[in-house]
Structure formats: structure tokens, C-alpha cells
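The letter at position 31 of the sequence shown is residue 157 when you use the numbering used here, and the numbering goes up by one with no holes. Just so it is clear, CB atoms sit at the ideal spot from N, CA and C, and this is done for glycine as well. Notes to accompany the following structure.
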Amino acid sequence: MLSHSVQQLLNEQVAKELYASNLYLAMAGHFAETNLMGMANWMRIQSEEERGHALRFFEFVIDRNGKAEVGAVAQPPAEFGAPVEVFAQALAHERKVTASIHALYAQALKDDDYATQVFLQWFINEQVEEEANASAMVERLSMAGDNRAALLMLDTEMKGRSAE
Ligand code: FEO
């Protein structure tokens, strides 16, 4: 049985993952508008992954005989900066998600909820990967700087990302 605190945090995580999904979709729209179709593709796939994460949390609450709830999801920004700034924003967001998952794990430990601890381990590993991916993009875009040719090369490379 889920404790009230763990259930609440799991439900809040559903809304947080949905916000991340919408944020990355908004970023995909921004990149498409600026003709950086590889980056748009990367963000669109990321958006789909985040929706998948939301569903994993949602279904886990149901599997544990809890009450799954979908909270309010804020509107993401409509305007974005240069590519390096957009990816830095994505990295900052992933760090927030990591902190949220760690807080959830801490609560599951406190409540002796072993099933939630095991469930969260996948997300803890996933966050390491997601932060590394976003961080690598920030570094590579920083290296490209104002060089349009380097930017287009990175964009072309990002067209190759496909859904897992
Ligand atoms: Fe679902 Fe990128 O955290």
C-alpha cells in the first residue's frame, strides 16, 4: 500500500513529466520555426519520452492500488533564445527533475516502500543519461559558438535521433 506522502509525490511527478513533455514540444516548435529541423526532431523525441515517463508513474500508482491523479500543468514559455540557451534551459530542467525524483526516493526510503524504491531506480539511471545528453549538447553548441556551418552540422546530426 502506498503511503499518502509517496502517492502524492508520484502523482505530482506525473504532472512534472507532462510539463517536461510540453516544454520540449514548445522547444521543438521554436527550432522548427527557425529551420533547425534536426534540433526540432531531437526535442520532439524528447517530448515523447517525457510523456512515456508520465505514463509510467501514472500506471505505477494504479498498479499499487493507489489513486492516480493528473494535476495542473503550467504553460511552457513561448519564446526561446539561441540553441545553446535552449539546451542549457533543458539541462537546468532535467536537473530539477532529478532533484524531484531523488526527493521521491528519499520519501520511499522513509516509508519503507521497497517497491517504489525499485521502481524509481530506472528513473535515477535515466536521469543520469538525460543530464549527460543535454550537457553534451550544451558543450558542443558552446564550441560551435557563432559558426553557422558548425551549427548546421550539429543540426544535421540531430536529425538522426530516433525514438528508443
Ligand atoms: Fe522524465 Fe527528462 O525526465
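Where does residue i fall in DSSP's three states?
i, result
"Q201", "coil"
"L128", "coil"
"G192", "coil"
"R287", "coil"
"F157", "helix"
"F213", "helix"
"A208", "coil"
At which residues does the alpha helix (DSSP H) containing residue i begin and terminate?
i, result
"L329", "Missing from the structure shown is residue 329; the chain here goes from 127 to 290 and no further."
"V196", "Segment: none, V196 is in no alpha helix (DSSP H) and carries neither H nor E."
"R170", "163-189"
"T242", "240-270"
Please state whether the Cβ-Cβ distance between residue i and residue j is less than 7 Å.
i, j, result
"F213", "A258", "no"
"T242", "A234", "yes"
"G192", "L128", "yes"
"M169", "A154", "yes"
"V199", "L267", "no"
"A180", "E143", "yes"
"E176", "A146", "yes"
For ligand 1, any of its heavy atoms closer than 6 Å to the Cβ of residue i?
i, result
"H179", "yes"
"E143", "yes"
"E220", "yes"
"V140", "no"
"E256", "yes"
"V223", "yes"
"E185", "no"
"E176", "yes"
At least one CB of chain C closer than 7 Å to the CB of residue i: is that the case?
i, result
"N191", "Reference to chain C is not applicable here, since this structure consists of a single protein chain."
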